[in-house]
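Every letter in the sequence shown is one number past the one before it in our numbering, and letter 271, counting from 1, is 271.
Here's the structure we're looking at; comments come further down.
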Amino acid sequence: MSFLRIRHRLQWHSKDAGDRHEHADAPNASSSTHCPSPTPSSVASRGRRVSALSFITSKLTAKSKHDRGVLAEPVEHSINFARSASRVSSHSDSASLDDIRMPVGLGRIASLSESKPADDIFLGVAMNGGRQRTISSPNLLNRHAFLCQSDLDASNDSARQKEGPPVTWLSTKLLTMVFSYVPRSDQISLSFVCRIFLLPAQHALYATVDLQDLDCGCVERCIDLVASKRSLASSIRSFACSILPCSQDGSLPFGVVTFAIAFNNMDHLSSLTLPHFDAHLLHHATFRLKELCILSETMPAKELNALLSWCAKQPDITHLSFPGLLLSDPAHNSDEAIPSTAPSNLPRDPHVLRHLTHFNGPAQLVPMIVPGRPVVSAVLHVQTTLYDGLKPSAVLSALTRSSASLTHLTIKATSVHVDARTLERVLMSAGTELGSQLRVLEIEWVLEDEVLYKQLLSALPRFRVLHSLRLTRRMLPVKSCPFLTPPTTPLHGPRSILLPLFAGPVQDECRPKTAGVPDIPPARAQERAHLSAWSRHCPTLSSVVFLSGAEWDCGRISAYLGGSGLHAPAFRLVRLAQDDAGRISPA
């Protein structure tokens, strides 16, 4: 075999070289015949073959020694390659080593005593942070193949994750946000479409729970469901209820316990509306409210103290509302009811309701709640008159002690017993105290229309930065005022006593006479007359909503008022009341 012939030739050549060294003085002619001198090409070819075999032998020997865990010297007679033969013939002449030279370009041969980790084959970098080791071509190809295979596996995993319909790629939060804009009837239908829509549809359906229009049986069944299923209770963000069980002194009925468990499960609740406040129901609640509304009409001082003490545990409350609370008159004040003026024994800790921005309640509670808190919007319920002890200047000055600038004010007359004189004093005090910061003014009126329009004519000059004025009518039950007939809207006929004074100039000067433009109704002409007068006293006024529901907006074009040398803003009709048909073009 060619392998054995190379081995025999190498051994014979080494022995012959040793004999020639011993008999150098006696030249032998036959030695040159039997052992011809090698040519340079044969030596180079032989060196390449022996170097390749030596490299393979060193790899196999290192692997076998690494498996056994023993670093021993190679056995000479196992495979007698040139590497082992060079160890045996170390005493021979150095000239014989010149014939077997190490090839250039294959890199250095690893030592037999080295033990590299498996990752070194592919990375080619020493684990101890040393210099980069030279990588041979076969290992370099293996490294690229390994990296390509890892990339292919990663792409297969990503493709495997996107298998199925595209709807499965959408997250639950995204579907919940989309379903929140769907009507409630359609949200119920979406929960039956597929399993993927079930959880988002439930989150959107139970996000707002309003039980104010349901009977007691339906409310109890709903509370039992919320108390038994915490997953549904965690989806509730806004809860409103008009029925609560009464907790008796010294005993808690079963309904109170069920309600308490239900409120404890609503850990994401942010808005709560209750018919009255009960500390037993909310004692163990874990939610953090932002809006709290109490619908009770009466509230003892003890209950109000308990409410404010509980609000100290809810630092995130920004909206506090008492829309139906009626405070008793001083003449009929009892020990249980809250007096018309703020009692001094109620807590006034500045850390309570420190994030309050919106207040809605009786005007008598303003001096106690608003000062020192960042209230920017307030709704005042005027329930008493000047003769009953109401002090409008004290109430409105308390709004100025807010830590933020109050820009939105709503005044509501909640009773027909509030006379026009009291409401006029409230408007005048609001202009005096808040005229430099108030931008939006809303008024809910219960008396005749022209009484309000006349009072505004004298109060608007005090509002220096007012932009929006909104007037609405509060419809009271007939039984509470049987002697008063609700006034008709101006659509059925002009009733204003100011119409002869302003209707002529407004039609002649503010509205250009153009051919083809139809005459505006008398009701719109009356509103134009009021706008013309109000804009003179309050030039910053840009939006007005009348009691009839018609909304007027200030356009960019101003009208010149003859004889005064001033330019008043030109208002245009934006929308009409519901009983008006269609829209009309601005005059």
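From the three backbone atoms N, C-alpha and C, an ideal C-beta is built for every residue, glycine too.
Residue environment for leucine 225: exposed (fewer than 16 other C-beta atoms within 10 angstroms of its C-beta).
The continuous alpha helix (DSSP H) containing histidine 280 extends over residues 279–282. For phenylalanine 179, the enclosing alpha helix (DSSP H) has its first and last residue at 172–179. When the Cα atoms are used, serine 270 and aspartate 316 turn out to be separated by approximately 9 Å.
For cysteine 241, the uninterrupted beta strand (DSSP E) segment begins and ends at 238–241. When the beta-carbon positions are compared, isoleucine 411 and valine 375 stay at least 8 Å from each other. Proximity to valine 352 across Leu320, Ala363, Ser228, Leu380 peaks at Leu320, based on C-alpha coordinates. The Cβ atoms of leucine 434 and leucine 406 lie closer than 8 Å to each other. At the C-beta level, leucine 547 and aspartate 449 come within 8 Å of one another.
The three-state secondary structure of glutamate 448, taken from DSSP, is coil. At the C-beta level, alanine 233 and methionine 266 come within 8 Å of one another.
In this structure serine 191 touches glutamine 202 by the C-beta definition: roughly 6 Å separates them, less than 8 Å. Excluding five sequence positions before and after proline 371, the CB atoms of its chain that fall closer than 8 Å to its own CB belong to Ala398, Arg401, Ser402, given in chain order.
Collapsing the DSSP output to three states places isoleucine 294 in a strand. Secondary structure at aspartate 553: strand, using DSSP grouped into helix, strand and coil. In this structure isoleucine 236 touches alanine 207 by the C-beta definition: roughly 7 Å separates them, less than 8 Å. Between glycine 431 and arginine 470, the gap from beta carbon to beta carbon reaches 8 Å or more.
Listed in chain order, the non-local C-beta contacts of glycine 324 below 8 Å within the same chain comprise Leu295, Ser296, Glu297, local neighbours out to five positions each way being set aside. Its Cα nearest to that of proline 275, the residue Cys241 stands out among Glu303, Cys241, Thr258.
Between valine 167 and isoleucine 196, the CB-CB gap stays under 8 Å. For arginine 474, the three-state secondary structure derived from DSSP is coil. With a cutoff of 8 Å on beta-carbon distance, serine 377 and histidine 355 are scored as not near each other. Leucine 326 places its beta carbon 8 Å or farther from that of phenylalanine 277. Inclusion of arginine 524 and leucine 573 in the CB contact set at 8 Å is warranted, their separation being smaller than that value.
Around leucine 292, the same chain offers Leu272, Ile317, Leu320 as residues with beta carbons nearer than 6 Å, after the five sequence neighbours per side are excluded. In this structure tyrosine 453 is buried. Its beta-carbon is surrounded by 16 or more other beta-carbon atoms within 10 angstroms. Relative to leucine 390, the option among Val416, Ala404, Pro362 whose CA is nearest is Pro362. If you look at histidine 203, you'll find it in the alpha helix (DSSP H) that goes 195–205. When the five nearest sequence neighbours on each side are left out, the beta carbons in the same chain lying within less than 7 Å of the beta carbon of leucine 282 are those of Phe263, Trp310, in order along the chain. Alanine 312 counts as exposed, since fewer than 16 other beta carbons sit within 10 angstroms of its beta carbon. If you check the CB distance, glutamate 444 and threonine 472 come in under 8 Å.
Judged by DSSP secondary structure, lysine 412 falls within the beta strand (DSSP E) whose first and last residues are 408–413.
As computed with DSSP, arginine 575 is found in a beta bridge with Glu551. Within the same chain, Asn360, Thr410 come within 6 Å of valine 379 by CB-CB distance, once the 5 residues on both sides are set aside. Under the 10 Å beta carbon count, glutamine 212 is surrounded by fewer than 16 other beta carbons and is classified as exposed.
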